[in-house]
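In our numbering, the protein residues as written are 100 to 325.
Reading through the structure tokens given below for one structure.
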Ligand SMILES: CC(C)(COP(=O)(O)OP(=O)(O)OC[C@H]1O[C@@H](n2cnc3c(N)ncnc32)[C@H](O)[C@@H]1OP(=O)(O)O)[C@@H](O)C(=O)NCCC(=O)NCCS
């Protein structure tokens, strides 16, 4: 039996989530993807990669039997989408690529996305609404807090800890350090020391670029695309 699914957001990443749903269904038909919900009125009624934007987030109650997942890339905006529909008591669904092998020692929250060829070793703990994008690698006992986003090709050393609402840019390497809540790690960085909360670090080795800038992700896409 298939279950209805609705994706929050309709930008590029949400569309990638829709593609992941197709990939999961190719393996074993699990989901009937109804479409996206998005608060950008200009997107409502349009179709993206073949799926409609059904309405704004506050129409979530129209789909009482559906599972939900947020496909928004900015961790804070992702949390906002989750908070906006929380009143409807949604059932959060996780999407895990069939290419991923998960060991029984992992603890994985709800609303989590794990993309193609991501590789988790053993004993990892992922909070709620976490995203591990394609080809990311987590060593043993890595922790990733709620709403955090791990971009493609990131490698996280065993026993590293990534806080809540963090954004780890593509191709970064994070040694066995602690990345504070709300921190951003620049693309291609090598993080060799603990990262304070709400900081932006970048470079090899990573140095602080900005302090006190929570959610400074700067993927340079317009708001409606996040
Ligand atoms: C780290 C980041 C958030 C900084 O953005 P920003 O604050 O706008 O930074 P700027 O572009 O103004 O650059 C500030 C300085 O940092 C340097 N810098 C920026 N990003 C860097 C990075 N990833 N590594 C090394 N240096 C970097 C710039 O060269 C610049 O140096 P300068 O002052 O000597 O000229 C951003 O560059 C980044 O890496 N975002 C992640 C993107 C990503 O991985 N997306 C994944 C899509 S799947």
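A virtual CB, placed ideally from N, CA and C, is assigned to each residue, including glycine.
Item, Value
"May I ask you to verify whether the stretch 164-175 touches the stretch 104-120, counting CB pairs closer than 8 angstroms and requiring at least 3?", "yes"
"Using DSSP with H/G/I as helix, E/B as strand and the rest coil, what is residue 157?", "helix"
"Take residue 140 as the anchor and find which of 213, 131, 125 and 156 has the nearest alpha-carbon.", "156"
"Does ligand 1 have even one heavy atom less than 8 angstroms from the beta-carbon of residue 234?", "no"
"Leaving out five residues on either side along the sequence, give the residues of the same chain with a beta carbon under 7 angstroms from the beta carbon of residue 198.", "215 and 216"
"Closer than 7 angstroms by C-beta to residue 213: which residues in its own chain qualify, once you throw out the five before and the five after it? Chain order, please.", "195, 196, 199 and 231"
"Could you give the DSSP three-state label for residue 185: helix, strand or coil?", "helix"
"Near residue 277, which residues of its chain fall below 6 angstroms by C-beta distance, leaving aside the five closest residues on each side in sequence?", "260 and 293"
"Can you tell me whether residue 181 is buried or exposed? The criterion is at least 16 other CB atoms within 10 Å of its CB, across all chains shown.", "buried"
"Is residue 251 a contact residue of ligand 1, with contact defined as CB to any heavy atom under 8 angstroms?", "yes"
"Please report how far the alpha carbon of residue 193 lies from the alpha carbon of residue 225, in whole angstroms.", "11 angstroms"
"Would you tell me roughly how many angstroms separate the C-alpha atoms of residue 131 and residue 247, rounded to the nearest one?", "26 angstroms"
"Compute every distance between the C-beta of residue 309 and the non-hydrogen atoms of ligand 1, then say whether any falls below 8 angstroms.", "yes"
"Residue 124 lies in the alpha helix (DSSP H); which residues open and close that run?", "111-126"
"Residue range of the beta strand (DSSP E) that residue 169 falls in?", "166-169"
"Closer than 7 angstroms by C-beta to residue 170: which residues in its own chain qualify, once you throw out the five before and the five after it? Chain order, please.", "106, 107, 108, 112, 113 and 116"
"Is any heavy atom of ligand 1 found at a distance shorter than 8 angstroms from the C-beta of residue 299?", "yes"
"Could you name the residues of the same chain whose beta carbon sits closer than 6 angstroms to that of residue 321, not counting the 5 residues immediately before and after it, in chain order?", "Residue confidence is low: residue 321 scores 43 on pLDDT, short of 50, so the model does not pin down where it sits. Its coordinate-derived value is still stated next. Counting only Cβ-Cβ distances below 6 angstroms, and skipping sequence neighbours, we find nothing."
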